[in-house]
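A.B. asks: Next up is a structure, given as structure tokens.
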């Protein structure tokens, strides 16, 4: 069996805040294999972005800190204890990252061409392989890349400043910068969230085709289940700092195992037909300073019973290959049938708790 | 030239069912280039629509298409460059002070940003109480009762009145914004991207709440959104905007099942569906090219259009919004 | 009646403020100064203006009977510093009150109504700002008979420009926020929107500016009095006390040193509290 490209084991990232310690990422483990696309999906505050930043050690420390016992291995090399100089090589070298807001991730005072060239030159200085060097070669490669990511008339656009481009074009430039160093892993944090839907589909297609061509693995961080279904091979669902479900994209959308995933899928409006009412997940997302005890989804779960006072493990299930859910229902599937499921919230008199739950 | 208002049913019902109406609405902004040359940008051009009693009309489009500007024009928050807005037949531009105050009571706005739309220095009860007192709707003990009632309508307990906005989550703040709009007992609510800042699970709660309130209070909604799946869930009729103009409008079922305008078709095709990959969605027939060059004449969508019949004719003259069948409007000469 | 939520918010601010150790030190100093100023008649061992036997009591170095010594008229410096605190502090507080009121009003009107009114008001601010403040003060005071009231008024009338700029900038931001649009849509009048929805949201920087401004105003008062244009002898103010001792500075250092120290500590105290308030009230931390 081939060893994974990226292996994360028991990652815990905590933050010191005014309200106490926030356990933003609280013991998550997963792998990314060479060339595959793994989606990390969850709602705001679930810890998905902190996970990405923890992998590259880009968190401000303090207030953040990686707990002892956390492990992030890139092809077997431990990154949590790596020297800062080595991490700089990894960032933008073996692992690249793109962000949600392409306007703020590009420097407004340099042309987009200069920024792509700089990324190329920065990393060729570190690499020892053969190939052309020098500013002229970097410029040629940069123009090639601008062309590759679908920027029309790249020689001319090389001299454009970020503000002269649309959001979609800026995201294309970010992709060119991220992939021009031929990373093994691309971490994409909500790469299309700020874009219009037609532009989003173009960007997702571009990413997919470049990924096939270059063999890059992608860790996609998103809240959008539609995007997940379109691009991912495997899915990790995060809730309250933990991975609550892990499955192939097919299995996840066909038969979600964890009640949270089930609720999310039922809460999304359907493009094909109007539903009578949307299913609701009652209550609010808990705060990282005060996760519920036992199963963290228990207060919002329609199936919860006495056993949920104990923290469930990530349990393997026989339903589909490689799928697992952090839920006792995996052990006692008959309870799902007898449970009520996510009703369409009743229109009358439903009162919400105010403030933190 | 002014097109017919989008709103088919009204024609057959007379004007009795029309609450809010826009006719030939346009809004231009002037900006100065580096050498002082004035450039006119049309944010909204030639928009006509009608909102009927008890219905939800959705205005859909991508960022910058003019949908939010249309909302501001309809609310009288800025004056149109040309065209008129009428509420129950009365022209907004020529209303007296008292008529305008009445208009403010009847047409309300719900915002996108649950953080910026509530005054951080006022308690929820203070906010609602102020609305009731300015419009002399309830005083004394009656005011407190009414505040509790409004909070109950949006699913919040009476204790919420004592608190400040920052003590609530995004979804709860959106409920407070809705309660504030309801305080004046409006009959039309313009909701500008009311759920796009919310998480999926919270979004469903707010969409259900809006549906319940419509049923209970007989409200009409103008629902402005970029998310076509959300619009599917709430809209009776849909108008699609592109580059400041309405390019297609019809009842929601028809629009989603048989979109006519190439832009609507590519918009629908681009929405990623949360379905297993093996369940292939409808053929994504019309895809778009990258950013189009700006055009001075002809169809604004010409540069991005991938309609098989697209030709030079499209680039010559601006297509009109035509009614193809009752209530079904399209601005395209090739469909 | 104070609502529970308001009390809670106050407590939160106080908690953040109280973690600022220097701000607490500043606050303690201000309380001490204000207290001694109020209780000056009870605390002062001598009449501050009384000249007893000048020949016998003048230029006495600090001692048990005169903890800060005496000046050339034999007056007790300690008593005069206590009484001077009343003058300096009340001029500081009143002048800053005038400056804040004027600055907030002008800045808010300019920012909220905008257009030509804004242009006129802000060019006015630029005009006033383009004169050096001290020169302006000297000219104004020279035109009239110097008195405490005049000094206060003049300091207030020349200190509002910074505040009006801060307020205008804040109003411009707040005016565009959605809760203000919501108020318009609800049919609220412009005065109500300005008073109830815009102004309360711009007061934080004003409070900070006011606190920092008190220190500056006390300094300016001292400077004016030092130049003989402010508080007139024999009434004691820290500024004119420093001035009166400058001829004998080498022989009788205490005459200038003690009122000078009083000025330094007071200004420092207000600045420390201002910094603490800025951190505690920072709106980014309230959410």
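Residue numbers (the numbering used here), protein chains in the order written: chain A, 1 to 357; chain B, 358 to 692; chain C, 693 to 979.
Glycine included, every Cβ here is placed at the ideal spot set by N, Cα and C.
#1: Cα-Cα, which of C/859, C/960 and C/934 is closest to residue 762 of chain C?
#2: Which residues of the stretch 245 to 256 of chain A have a Cβ closer than 7 angstroms to any Cβ of chain B? Give them in chain order.
#3: Which same chain residues, not among the five before or five after residue 537 of chain B, have their C-beta less than 7 angstroms away from its C-beta?
#4: For a minimum of 4 consecutive residues, which ranges assigned as the alpha helix (DSSP H) are wholly contained in the stretch 876 to 961 of chain C?
#5: Residues in the same chain with beta-carbon distance under 8 angstroms from residue 155 of chain A, minus the five sequence neighbours each way, listed in chain order, please.
#6: How about residue 595 of chain B and residue 579 of chain B: do their beta carbons lie closer than 7 angstroms?
#7: For residue 43 of chain A versus residue 223 of chain A, is the C-beta distance shorter than 7 angstroms?
#8: Nearest CA to the CA of residue 227 of chain A: which residue from A/217, A/287, A/207 and A/216?
#9: Applying a beta-carbon distance threshold of less than 7 angstroms, which residues of chain B neighbour residue 147 of chain A?
#10: What does a CB cutoff of less than 7 angstroms around residue 242 of chain A pick up in its chain, not counting 5 residues either side in sequence?
#11: Are the C-beta atoms of residue 879 of chain C and some chain B residue less than 7 angstroms apart?
#12: Identify each residue in the stretch 575 to 597 of chain B for which the Cβ-Cβ distance to at least one residue of chain A is less than 9 angstroms, and report them in chain order.
#13: Going by beta-carbon coordinates alone, are residue 149 of chain A and residue 175 of chain A separated by less than 7 angstroms?
#14: In the DSSP assignment, find the unbroken alpha helix (DSSP H) run with residue 172 of chain A in it and report its ends.
#15: Between A/167, A/294 and A/63, which lies nearest to residue 311 of chain A when the distance is taken from Cα to Cα?
#16: On the DSSP letters alone, give me the boundaries of the beta strand (DSSP E) that residue 261 of chain A sits inside.
#17: Taking contact to mean at least 3 C-beta pairs separated by less than 8 angstroms, is the stretch 747 to 756 of chain C in contact with the stretch 865 to 878 of chain C?
#18: Would you please state the rounded distance, in angstroms, between the beta carbons of residue 577 of chain B and residue 376 of chain B? I believe it to be under 8 angstroms.
#19: Check whether the stretch 56 to 68 of chain A touches the stretch 234 to 250 of chain A, counting contact only when three or more Cβ pairs, one atom from each stretch, lie closer than 8 angstroms.
#20: Say whether chain C places a C-beta atom closer than 7 angstroms to the C-beta of residue 475 of chain B.
#21: By the three-class DSSP mapping on this structure, what secondary structure does residue 452 of chain B have?
#22: Name the chain B residues whose beta carbon is nearer than 8 angstroms to that of residue 876 of chain C?
#23: Closer than 9 angstroms, Cβ to any Cβ of chain C: which residues of the stretch 527 to 545 of chain B, in chain order?
#24: Would you say residue 869 of chain C reaches chain B, if we count a Cβ-Cβ gap shorter than 7 angstroms as a contact?
#25: Please report the straight-line C-alpha distance between residue 338 of chain B and residue 622 of chain B, rounded to a whole angstrom.
#26: Could one say the Cβ of residue 824 of chain C lies closer than 7 angstroms to chain B's Cβ atoms, at least one of them?
#27: Which chain A residues sit within Cβ distance under 7 angstroms of residue 561 of chain B?
#28: Keeping to the same chain, check which residues put their C-beta closer than 6 angstroms to that of residue 718 of chain C; ignore five residues upstream and five downstream.
#29: Within 7 angstroms (strictly less), CB to CB, does residue 478 of chain B reach chain C?
#30: For residue 729 of chain C, which residues from the same chain have a beta carbon less than 6 angstroms from its beta carbon, with the 5 sequence-adjacent residues on both sides left out?
#31: Using the rule of at least 16 other Cβ atoms within 10 Å of the residue's Cβ for burial, across every protein chain shown, is residue 261 of chain A buried or exposed?
#32: Of all Cβ atoms in chain B, is any one closer than 7 angstroms to the Cβ of residue 241 of chain A?
#33: Who are the Cβ neighbours of residue 443 of chain B in its own chain at under 6 angstroms, not counting the five residues just before and after it?
#34: Helix, strand or coil for residue 977 of chain C? Go by DSSP, reduced to three states.
#35: Using a Cβ-Cβ distance cut-off of 7 angstroms, determine whether residue 284 of chain A contacts chain B.
#36: Around the Cβ of residue 349 of chain A, are there at least 16 other Cβ atoms within 10 angstroms (buried) or fewer (exposed)?
C.D. replies: This is what the structure holds:
#1: C/934
#2: 249, 250, 253 and 254
#3: 484, 485 and 488
#4: 895 to 918 and 930 to 937
#5: 143
#6: no
#7: yes
#8: A/207
#9: Under the 7 angstroms cutoff, chain B gives no residues; its nearest Cβ is about 12 angstroms from residue 147 of chain A.
#10: 26, 27, 28, 296 and 326
#11: yes
#12: 583, 584, 585, 586, 587, 588, 589, 590, 591 and 592
#13: yes
#14: 167 to 179
#15: A/294
#16: Where residue 261 of chain A is concerned, there is no enclosing beta strand (DSSP E), although the alpha helix (DSSP H) it sits in stretches over 259 to 267.
#17: no
#18: 6 angstroms
#19: no
#20: yes
#21: coil
#22: 434
#23: 534, 537, 538, 540 and 541
#24: yes
#25: With chain B covering 358 to 692 only, the question about residue 338 of chain B has no answer from this structure.
#26: no
#27: 267, 278, 279 and 280
#28: 961, 964 and 965
#29: yes
#30: 777, 778 and 781
#31: buried
#32: no
#33: 378
#34: Unreliable positioning characterises residue 977 of chain C in this predicted model, as indicated by a pLDDT of 46, which lies under 50. The coordinate reading is nonetheless provided below. Helix.
#35: yes
#36: With a pLDDT of only 38 at residue 349 of chain A, under 50, the local geometry of the prediction cannot be trusted, and no value is derived from it.
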